[in-house]
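Some notes on the structure that comes next.
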Amino acid sequence: MSLRYYPEEIVKRNAQLYEKYGRQLEKEHKGKYIAISEEGQIIVDSNDIRVAQQAIEKFGPGRFAFYKIGYKAIGKWRAISACL
346 MSLRYYPEEI VKRNAQLYEK YGRQLEKEHK GKYIAISEEG QIIVDSNDIR VAQQAIEKFG
406 PGRFAFYKIG YKAIGKWRAI SACL
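At position 66 of the sequence shown the residue is numbered 411 (my numbering), and the sequence of numbers has no breaks.
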């Protein structure tokens, strides 16, 4: 089985991961960043770069969903990925 996904599959997978594991954190952690592994492990922090770095180390590149809790989109992903 290939670990590669098409872009629309990634968007769908990430949305499903957020609904299952991230949505419940909105009241307590709104505005913080979350990385969610394909297995449901999470990393939450107020620093987006720290979350991204920890997620890459722990889950592997491209193996996690990345969100700002309580928000639909993050506009800084390109800036984050440039720092990694």
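We put the CB at the ideal spot given by N, CA and C, even for glycine. Fair warning: this is a prediction, and the values are worked out from it, not measured in the lab.
Under 8 Å between the Cβ atoms of residue i and residue j?
i: Val396; j: Leu370; result: no
i: Ile414; j: Lys377; result: yes
i: Ile394; j: Ile387; result: no
Looking at the unbroken alpha helix (DSSP H) that takes in residue i, where does it start and where does it end?
i: Ile401; result: Asp393 to Phe404
i: Lys357; result: Pro352 to Leu362
Grab the span of the beta strand (DSSP E) containing residue i for me, first residue to last.
i: Ile387; result: Ile387 to Asp390
i: Lys372; result: Taken as a continuous stretch (DSSP letters only), Lys372 belongs to no beta strand (DSSP E), being part of the alpha helix (DSSP H) at Glu371 to His374.
Taking just the CA atoms, how far does residue j sit from residue i?
i: Pro352; j: Ile401; result: 19 Å
i: Glu364; j: Ser391; result: 20 Å
i: Ile355; j: Gly405; result: 15 Å
Less than 7 Å separating the Cβ of residue i from some heavy atom of the ligand NAP?
i: Ala400; result: The ligand NAP is not part of this structure, which contains no ligands at all.
Per DSSP, residue i is paired with what?
i: Ile381; result: Ile387 and Ala410
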